[in-house]
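Reviewing the structure listed below.
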DNA sequence: TGTCATCTGGTAACCGGTGTCAAATACTCT
DNA sequence: AGAGTATTTGACACCGGTTACCAGATGACA
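Residue numbers (the numbering used here), protein chains in the order written: chain A, 204 to 555; chain B, 204 to 555.
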């Protein structure tokens, strides 16, 4: 109806992209009305809405995320803070988070940090301050560091920690039952006739390592088996440390007939070490790992392991962050169950 | 000097975080001057700068990234678009990008997509439109899709493609010399006495697959070896496809004494398949892979493979995007050299 | 027909920075 | 001293959205 007095340049002067003003002008309504359409405000005449939507479509208008972020004091970013415990795990987590973000305006911003660096807290702080993500997911082992959670609180950043045990209240945590799952795995070794079972524990100070170790001890205790200190070796979750730890256990006499390694990488190391000494797996040595990363099925023999529902956990973590954003309305579960995946690296204990 | 008439609420009303106005007021200068301090403008009195810096430090002021992004029409995000060709590779790329971003205000936003999805282009478009990243790094095999590069151009988004061969002009590309590297690897098999060498090629339509295949053919040609079609099997870069392809080759009579697989996953599959038929590696069958992912050193025997300088390539890609942002001023290299890593999966050809 | 409640849509201020341009000050040179 | 130039600083509009608040239109009801 109303004629534009002067022909206003269409689109932002710099980018050429249509702005909310263009939409408003072309559909003959105010910015505010367009804004209402974008944000699905209910108090809006259907006919007006349709008219605006048509113009939006014709123009290919997409609201400027920076402007929205500024006005809403929120940005549409979910952060992932991790210390690369394992490539596959990180990628699975990314996948889970992305699944949760699917169909929303949110994107995922990834921030690896070095747990050992003196600047760890500063690195995280500067990431949170610079990007001000809407919320962050924190992966183990970083998630076990309470100082990081406190830092998030201080900076007013939502967070959810992923872990191997309950770390926090349900709102800030997603956990798995590592202890029970490991106990089940070791129980399986016992019922397969193994009496001398070695443990390759994870590194000291890791919650997951402690939980898995407890599960191991639980199983032995309930089977009334003894657990001499010599049957426990410690690794740091890497393949190489698995080899080193396995060598220690395989030097023992009598030699254990089975080994539970606290993750798959180390279990692969055990198999590697066994092969180097011509110990047949599983005939002479049964091995169980934890995580069910691809390596578990790619080595020979395929590894019996505990599957950690990492994708689901990550999805749930992200949905928790998004609660109240039109996603994750229903309460997301906080506890996830791991379970044993039986493949070929376990056999009955050799007689003798 | 000047008394504030009314006590203005300190910090943003909602977030409680100090704003540029707080800094300006407390240091008795204008917003603009504070802005100059933040942006290290040279036309600024040293004494003023010091005074403002003190206030900034005392307040713990950090500029709001959203507001900056809006005013500068840039956001401080570098995108990574990939189709999860391989977990380790993706993580290495992330590491490389992060190295480039270190010390800048930029963060990395990761967007995995499904190459096979009908909505591929829409997914990427909506990602670029919604987040408007400053620039994106595109991983193979997506990087080989020219339509994606065109889409970036259309949306005014900087991009750099990573690939196995020259895909674009130096400004938009970072490549490795796969063809030569593979030729070197196959040459090595030849000088180890192998005359019957099988190839497990990558999937049709992949530039990397084609390049590696050409390198293979180059080497055979220069060694005057014949390459019957039967000695070529095709996989899709997965472990399982490696097994299937290997079985085809190992069924041949005479059986090849060496196999070059176009990536490590498939090479692991070859070793897996060989073991399943009691063919000793490397005594009866030599194997070479490509990528040097961790799996190469974790399987038995450790895999001879071609190391792809992926971290450096990714860093360089990101620096190219940042050129003119205070980083990557010097021209970043566009071509990277892969080289053979000799481990234990190659032996002299068995006599017979 | 007048009044009030309800619905819709507009105006103006604001989110927290940055660019433009001109004013204020300091410094040089006749 | 006065003019010319360089250096510092600030006022103000603007980036592209959103919210607070208000006004006009519509329909119900007396």
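Think of the CB as a built atom: it goes at the ideal place given N, C-alpha and C, for glycine as much as any other residue.
{"Check": "Distance between residue 258 of chain B and residue 204 of chain B (C-alpha atoms, nearest Å)", "Outcome": "The predicted model places residue 204 of chain B with a pLDDT of 35, which falls under 50 and marks its position as unreliable; any figure quoted below should be read in that light. Residue 204 of chain B and residue 258 of chain B: Cα-Cα distance of roughly 16 Å."}
{"Check": "The ligand SAM heavy atom lying under 8 Å from the CB of residue 446 of chain A", "Outcome": "Only the bare structure without any ligand can be found here, which leaves the ligand SAM out of the picture."}
{"Check": "Option in B/496, B/522 and B/415 with minimal Cα separation from residue 505 of chain B", "Outcome": "B/496"}
{"Check": "Any chain A beta carbon closer than 9 Å to residue 308 of chain B", "Outcome": "yes"}
{"Check": "Span separating the alpha-carbon of residue 540 of chain B from that of residue 511 of chain B", "Outcome": "8 Å"}
{"Check": "Nearest-angstrom Cα separation, counted from residue 315 of chain A out to residue 287 of chain A", "Outcome": "7 Å"}
{"Check": "Residues that residue 403 of chain A bridges to, as DSSP identifies them", "Outcome": "A/436 and A/464"}
{"Check": "is_contact[residue 485 of chain A, chain B] using C-beta, thresh 9 Å", "Outcome": "no"}
{"Check": "Per DSSP, the bridge partner or partners of residue 508 of chain B", "Outcome": "B/492 and B/544"}
{"Check": "Beta-carbon separation (whole angstroms), residue 513 of chain B vs residue 295 of chain B, contact threshold 8 Å", "Outcome": "5 Å"}
{"Check": "Interface residues of the segment 433-449 of chain A facing chain B [CB-CB below 8 Å]", "Outcome": "442"}
{"Check": "Any 3 or more C-beta pairs closer than 8 Å across the segment 363-373 of chain A and the segment 432-450 of chain A", "Outcome": "no"}
{"Check": "Same chain, Cβ closer than 6 Å to residue 488 of chain A, neighbours up to 5 away in sequence not counted", "Outcome": "477 and 482"}
{"Check": "Proximity to residue 308 of chain A [Cα-Cα], best of A/328, A/284 and A/267", "Outcome": "A/267"}
{"Check": "Segments of 3+ residues assigned as beta strand (DSSP E) that fall wholly inside the segment 357-394 of chain A", "Outcome": "361-366 and 376-379"}
{"Check": "Local conformation of residue 445 of chain A per DSSP, three classes", "Outcome": "helix"}
{"Check": "Burial state of residue 242 of chain B (16 or more Cβ within 10 Å)", "Outcome": "exposed"}
{"Check": "Residue 312 of chain B - DSSP class collapsed to helix/strand/coil", "Outcome": "strand"}
{"Check": "Within the segment 268-352 of chain A, ranges of the alpha helix (DSSP H) (whole runs, at least 4 residues)", "Outcome": "268-275, 290-304 and 323-334"}
{"Check": "Distance CB(residue 459 of chain A)-CB(residue 401 of chain A) smaller than 9 Å", "Outcome": "yes"}
{"Check": "Assumed close pair residue 281 of chain B, residue 300 of chain B - CB separation to whole angstroms, cut-off 8 Å", "Outcome": "6 Å"}
{"Check": "C-beta contact flag for residue 360 of chain B and residue 335 of chain B at 9 Å", "Outcome": "yes"}
{"Check": "Members of the segment 484-510 of chain B near chain A, C-beta cut-off 8 Å", "Outcome": "497, 498, 500, 501, 502 and 503"}
{"Check": "Cα-Cα separation, residue 468 of chain A to residue 405 of chain A", "Outcome": "11 Å"}
{"Check": "Contact residues within the segment 285-296 of chain A, judged by C-beta distance below 7 Å to chain B", "Outcome": "287, 290, 291, 293 and 294"}
{"Check": "Own chain partners of residue 419 of chain A with C-beta closer than 7 Å, once the 5 adjacent residues on each side are dropped", "Outcome": "385, 389, 402 and 463"}
{"Check": "Residue 479 of chain A, DSSP secondary structure in three states", "Outcome": "helix"}
{"Check": "One or two residues paired with residue 455 of chain A in a DSSP bridge", "Outcome": "BP columns for residue 455 of chain A are empty, so no partner."}
{"Check": "9 Å Cβ cutoff, residue 321 of chain A in contact with chain B", "Outcome": "no"}
{"Check": "Pairwise C-alpha distance: residue 312 of chain B and residue 422 of chain A", "Outcome": "43 Å"}
{"Check": "Straight-line Cα distance separating residue 342 of chain B from residue 379 of chain B", "Outcome": "13 Å"}
{"Check": "Other residues of its chain near residue 326 of chain B: CB distance less than 6 Å, five sequence neighbours each side excluded", "Outcome": "316"}
{"Check": "Straight-line gap, residue 522 of chain B to residue 318 of chain B (C-alpha atoms, nearest Å)", "Outcome": "26 Å"}
{"Check": "Straight-line Cα distance separating residue 350 of chain B from residue 374 of chain A", "Outcome": "43 Å"}
{"Check": "Among B/270, B/278, B/302 and B/274, nearest to residue 275 of chain A - alpha-carbon criterion", "Outcome": "B/270"}
{"Check": "Nearest candidate by alpha-carbon position, reference residue 538 of chain A, set A/337, A/365, A/450 and A/304", "Outcome": "A/365"}
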